[in-house]
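Data first, discussion second: the structure below is written as structure tokens.
Numbering (the UniProt record's numbering), first residue to last: 1 to 674.
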């Protein structure tokens, strides 16, 4: 970043982000510290020596600048521009309507020991899985850090699509992605089973032999833009190349801030120190795609696009391609498991965990399939179950089911009942939204899952949850919410607590008595000290009077000691009086404080109860208004709402019932039998 860009960033952070100068540190110095830490991964100890500041000041400046940069996310995130019909760039002219490319990358991170299994990647590193989306000019259009390294790229993408401030893809547009993602509406992936990577076409490797390979080559050349963008990002910011000592939440926000400043540098500087080719971006918004799923229509369109690329290149003197043979895997044999065999497999897995077969990363050590096979043969000699493929395929199926159920448990309007292993659906709309995020769970609500508690014990240790995942716009929303909501009660309950001012006026009217008494005692003590000192001063002329000089000295010593003793006793009485008065005043203050808090807590409990009841009434209203109860008239529905919502027990019973029981209760209410 050159000086002009730095000063522009300082003005932007001050005018838009709210960065201010402190008493001893300017905003420019704060921002310079922040960028120095990001670019070179400097420690707090080094920065405080370089800038001659305390470690506390460096930490405060860093966190302040981090929040300010994240507030600029709406300005620094680029709106993607689709590829037009008259595109001249040979890499992109084949993909009309394409917005750019997306992919995931691993960034190393330090986490607590109990979280390492979830953050361990397939390469054995402790890292976070970051979803990055860029346009053809190497600018980030969206970024989602925070998912654990064990999470699959497709799962992170599905979460990004369904988030409130997530990835928005207009209908008719799409992003290029690699073979790890689904080829569906909005996402164009290459053909699997054919050569794809750029190195496959370099050197002495043969040219494309069929339309699928030709399409993959063109796709790889264009999609490589996201790989170059990640290379620029990690090359520019040293803090992303090695794990830092920041907390997981702060580290994820640092990743978002690095992406935002990356966009700022490419926008403000005529020549990027690491890359060039910057173009202006424009807005483009339509109806957005909100689901990630495979589509036969999209696959057909990909085939037509591959055929058009092939035909156009053939016109420009390309040899007729030869279709290559695609490798096909042989299907594995399937076998139906009995409940007894499944229970035995669960017990075998638990024994492996107890005997140390489970590694620290949450996975089992090599050879565990053979151990499970021997365990099954010991208890079921005639079953014929093998470690591969029977046990392995069963464990994969269980893991997929556990992943869906664990994701379902965290959704509002949905739940899981451990007693009978059934899925609870209180809100059908939430179930439809859940199926968009996890299409594989479409028929799970029709079955029972009694082994879920055992799955939690076995597979729950290394299950990625995405609890720390948040995009830049999510961070901005969180920061603004924390700034505008001053009181914790307002943030948690969502309404203001009205407390009468008369209570505080009554409490304040009892306060001045104690300070007045304390002031009076202080004046008495001061007058007493002055009196004794004057008496002692007046007695000094009589020191030379008396029978002899020795007697005079003795009289002087005895009188001074008596005065000191009397003075100490009176001082002790004054201090005791002051302490007693202070304790009495503090007792009164604590008494009125506890009484006022009791009143506040009472009002809170009352309003919380009213709020809970209103939520229950809203759920009942939505259920009765659903198409399931269309056979009842409007008058009958109103009557049912009134009768059911009059009693809290009736509301709880109605919400916990199944669909058939709810119809029975409605019939009883309409016919005055309830």
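Built from N, CA and C at the ideal position, the CB exists for glycine as well. Owing to the predicted nature of the structure, the values given are computational and were not obtained by experimental measurement.
Sorting 73, 1 and 5 by C-alpha distance to the C-alpha of residue 17 places 73 at the top.
Residue 415: member of the beta strand (DSSP E) spanning 414-417, first to last residue.
The segment 632-657 is shown to contain whole alpha helix (DSSP H) runs of 4 or more residues at 634-645 and 648-656, in chain order. Residue 255 sits in a helix when the DSSP states are folded into three classes.
Cβ-Cβ distances below 8 Å link residue 13 to 19, 27, 31, 65, 68, 69 and 72 in the same chain, with the five nearest sequence neighbours on each side left out; the list follows chain order.
The Cβ-Cβ distance between residue 80 and residue 141 falls below 9 Å.
Annotation: residue 151 is outside any beta strand (DSSP E) and is labelled neither H nor E by DSSP.
Looking at the backbone, the Cα of residue 586 and that of residue 593 are separated by about 10 Å. Judged by beta-carbon spacing, residue 258 lies within the 9 Å limit of residue 237, meaning their Cβ atoms are closer than that value. Look at residue 130 here: in three-state DSSP terms it is strand. Close CB contacts of residue 472 within its chain, under the 7 Å cut and outside five residues either way in sequence, are with 70, 73, 77, 143, 256 and 260 (chain order). Here residue 105 is bridged, per DSSP, to 130.
The DSSP-derived three-state label of residue 225 is helix. Cα atoms of residue 154 and residue 646: separation of roughly 47 Å, rounded to the nearest angstrom.
DSSP links residue 358 through a beta bridge to 364. Residue 472 is bridged by DSSP to nothing; it lacks a bridge partner.
Of the candidates 631, 146, 21 and 623, the residue whose Cα lies closest to the Cα of residue 160 is 146.
By the criterion of a C-beta distance shorter than 7 Å, residue 666 is surrounded in its chain by 629, 632 and 640, once the five residues flanking it on both sides are discounted. Secondary structure of residue 84 (DSSP, three-state): coil.
A residue is called buried when at least 16 other Cβ atoms come within 10 angstroms of its Cβ; residue 671 does not meet this threshold and is exposed. Nearest to residue 227 by alpha-carbon distance, out of 216, 400, 213 and 176, is 176. The Cβ atoms of residue 216 and residue 194 lie closer than 9 Å to each other. Pairwise C-beta distances place the segment 122-133 in contact with the segment 99-110, as three or more of them are shorter than 8 Å. Counting C-beta pairs with one atom in each stretch, the segment 174-192 and the segment 209-224 have three or more that are closer than 8 Å, which means they touch. Listed in chain order, the beta strand (DSSP E) elements of length 3 or more contained wholly in the segment 168-196 are 174-176.
As the crow flies, the alpha-carbon of residue 457 is around 21 Å from that of residue 370.
The straight-line gap separating the alpha-carbon atoms of residue 56 and residue 254 is approximately 19 Å. In terms of Cα proximity to residue 454, the closest of 92, 11 and 398 is 398. Taking the CA atoms as reference points, residue 406 sits about 9 Å from residue 416. With a threshold of 16 other beta carbon atoms within 10 Å, residue 375 meets it and is buried. Assignment of residue 98 by DSSP, reduced to helix, strand and coil, places it in the strand class. For residue 77, the secondary structure class from DSSP, reduced to helix, strand or coil, is coil. If you check the CB distance, residue 465 and residue 120 do not come in under 9 Å. Three or more Cβ pairs closer than 8 Å define a contact, and the segment 473-480 falls short of that threshold against the segment 434-447. For residue 423, the enclosing beta strand (DSSP E) stretches over residues 422-425.
In the structure shown, residue 338 adopts coil according to DSSP, grouped into three states.
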